[in-house]
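Structure, as structure tokens:
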Amino acid sequence: MKPLRRAGKHYLGVDLGGTKILAAVFDDRGKLLSREKKATKPELGLTGVLQRVEECIHEALATAALPHTAITALGIGVPGLVDTKGEIVRIAANLGWHNVPLARLLKRRLDIPVTVVNDVQAGTLAVGEYGTGRGLKSFVCMFIGTGLGGGIVLDGQLYRGSTGMAGEVGHMPVIPDGGPKCGCGHRGCLEAVASRSAIVRRIVREIEEGRESVVTQLCDDDLTRLRSRILSTAYRQGDELVREVIHEVCHYTGIGAAMLINALNPQAVILGGGVIEALGDRMLPRITRSAWAHVISASPDRIRIKDTGLGDDAGILGAALAAQRSQL
Ligand SMILES: [Zn+2]
5 MKPLRRAGKH YLGVDLGGTK ILAAVFDDRG KLLSREKKAT KPELGLTGVL
55 QRVEECIHEA LATAALPHTA ITALGIGVPG LVDTKGEIVR IAANLGWHNV
105 PLARLLKRRL DIPVTVVNDV QAGTLAVGEY GTGRGLKSFV CMFIGTGLGG
155 GIVLDGQLYR GSTGMAGEVG HMPVIPDGGP KCGCGHRGCL EAVASRSAIV
205 RRIVREIEEG RESVVTQLCD DDLTRLRSRI LSTAYRQGDE LVREVIHEVC
255 HYTGIGAAML INALNPQAVI LGGGVIEALG DRMLPRITRS AWAHVISASP
305 DRIRIKDTGL GDDAGILGAA LAAQRSQL
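For what it's worth, the working numbering labels the leading residue of the sequence shown as 5, then goes sequentially.
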């Protein structure tokens, strides 16, 4: 069958995580035309991962019934530090990458312009353009997924900081002088208590120590299958262990949000990521309560704490947006 030709420009957005690759085709107004998913398998090494990215892109193009010549540009979000030109991944710990010229390598394979962005900064761009940050001059995003990252928009611009590291909200110390060890080497960082990995680690440990939980059954006795969706089901079934852990996560995330509010006085703190997609309706009111208990503002009700309004698509949408902007 001949691919269907659609009018207008199209952009590819790829979200390359340590666990999964998402590839999607969007039109120039950010409308999703197709979306495909694949396991990343970082153990295959750089060439193996690039091969899987390429396959995922071809699947997304096939689903959208578009030839790759219909694509104007590709944006790819990665969990790591990216150079300011959007070409080189300096460090991506989850992928085991150092100084990978990702834009050049993908352009060679696909023959389209490629822009590389930090995954969380991509998500923040999407929230500002299409999500609940639209029309706001200043907001902070906190994405709670495998890790916990953030993006800061000040005066309408994504704030990158002096060395591009701004927005590392996951490493704000919420348990000073203690708490669980963080991947960064310190203790008590927000990411070490509130990321999905931290939640899962804690629940698995407590179950192994003899705590009862419906999670065991929901995972068919295989706790490596514990994901946000199972956490959500267990929470909604009233599981005591999961509720206790999630409530603690809300408490610390609220403290993190309060730190950001006190330091930056944004119009909103916007929460996203897999954990929020699965449990946001239950978590947001608690996070808000905890934040208000720690903010200095005399009128905290003027600062909103809300979700992204974009579901799972913030990363891919932001990557496509970065590609679109690179062509302006
Ligand atoms: Zn840390």
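Every residue gets a Cβ at the ideal spot worked out from N, C-alpha and C, and that includes glycine. Owing to the predicted nature of the structure, the values given are computational and were not obtained by experimental measurement.
Span separating the alpha-carbon of A247 from that of G174
The count along the sequence shown starts at 1 and reaches residue 247 at position 243. The count along the sequence shown starts at 1 and reaches residue 174 at position 170. A small correction: the amino acid at residue 247 is Arg; Ala does not occupy that position in the sequence shown. As the crow flies, the alpha-carbon of R247 is around 22 Å from that of G174.
Output needed for L230: all residues of its chain with C-beta closer than 6 Å, excluding positions within five of it in sequence on either side, in chain order.
Indexing the sequence shown from 1 puts residue 230 at position 226. Result list for L230: V204 and C223, in chain order.
Let me confirm a value: M169 is counted as buried when at least 16 other C-beta atoms fall within 10 Å, else exposed. Which label applies?
On the sequence shown, position 165 is the one that residue 169 refers to. Exposed, by the Cβ-count rule.
Closer than 7 Å to a non-hydrogen atom of ligand 1 - does that hold for the CB of C223?
Position 219 of the sequence shown, counted from the start, is the residue given in the question as residue 223. C223 Cβ: outside cutoff for every heavy atom of ligand 1.
For a minimum of 4 consecutive residues, which ranges assigned as the alpha helix (DSSP H) are wholly contained in the region 232 to 318?
Listed in chain order, they are 232 to 240, 244 to 268 and 278 to 296.
Pick from G34, L36, R56 and L37 that is closest to T44, judged by C-alpha positions
Locating residue 44 in the sequence shown gives position 40, counting from the first residue. For the residues G34, L36, R56 and L37, the minimum Cα distance to T44 belongs to R56.
What first and last residue would you give for the beta strand (DSSP E) that runs through E40?
Taking the first residue of the sequence shown as 1, we reach residue 40 at position 36. First-last of the beta strand (DSSP E) with E40: L36 to A43.
Using DSSP with H/G/I as helix, E/B as strand and the rest coil, what is D225?
Position 221 of the sequence shown, counting from 1, holds the residue named residue 225. Looking at D225 - three-state DSSP - the assignment turns out to be coil, as it is neither helix nor strand.
Could you say which of M146, Q125 and H14 lies nearest to Y256 if we only look at CA atoms?
Looking up residue 256 in the sequence shown gives position 252. Minimum Cα distance to Y256 is reached at M146.
Per DSSP, G153 is paired with what?
One-based indexing of the sequence shown puts residue 153 at position 149. Under the DSSP definition of a beta bridge, G153 partners with F147.
Would you mind reading off the limits of the beta strand (DSSP E) that contains P76?
For this step, residue 76 is matched to residue 72 along the sequence shown. Inspection of the sequence shows that residue 76 is occupied by Thr rather than by Pro. Residues I75 to V82.
Which ranges would you report for the alpha helix (DSSP H) in the region 181 to 217 if only whole runs of at least 4 residues count?
List check, alpha helix (DSSP H) in window: 194 to 198 and 200 to 212.
By the DSSP assignment, the alpha helix (DSSP H) with A28 in it spans what residues?
Position 24 of the sequence shown, counted from the first residue, corresponds to residue 28. Under the DSSP assignment, A28 falls outside any alpha helix (DSSP H), being part of the beta strand (DSSP E) whose first and last residues are K24 to D31.
My guess is that Y134 and L332 are in contact by the Cβ rule of under 8 Å, so how many angstroms apart are they, rounded?
As a first step, residue 134 must be located in the sequence shown, where it is residue number 130. As a first step, residue 332 must be located in the sequence shown, where it is residue number 328. At roughly 17 Å, the Cβ-Cβ gap does not stay under 8 Å, so Y134 and L332 are not in contact.
Could you check whether the Cβ of H255 sits closer than 7 Å to any heavy atom belonging to ligand 1?
Position 251 of the sequence shown, counted from the first residue, corresponds to residue 255. It does not: the Cβ of H255 is nowhere closer than 7 Å to a heavy atom of ligand 1.
Which of helix, strand or coil does DSSP assign to Q125?
Against the sequence shown, residue 125 aligns to sequence position 121. Correct three-state label for Q125: helix.
Taking the C-alpha atoms as reference points, what is the distance between G260 and G160?
For the purposes of this step, residue 260 is taken as residue 256 along the sequence shown, with counting starting at 1. For the purposes of this step, residue 160 is taken as residue 156 along the sequence shown, with counting starting at 1. For the pair G260 and G160, the Cα-to-Cα distance works out to about 22 Å.
Please look up how many angstroms separate the CB atoms of V249 and I207, rounded, as I've assumed it's under 8 Å.
Taking the sequence shown and counting its residues from 1, the one referred to as residue 249 is at position 245. Taking the sequence shown and counting its residues from 1, the one referred to as residue 207 is at position 203. With 8 Å as the limit, V249 and I207 qualify as a contact, their Cβ atoms being about 6 Å apart.
Residue closest to T119, alpha-carbon to alpha-carbon, out of V218, L20, K89 and G242
What you label residue 119 is simply residue 115 of the sequence shown in a count that begins at 1. Out of V218, L20, K89 and G242, K89 has the C-alpha closest to the C-alpha of T119.
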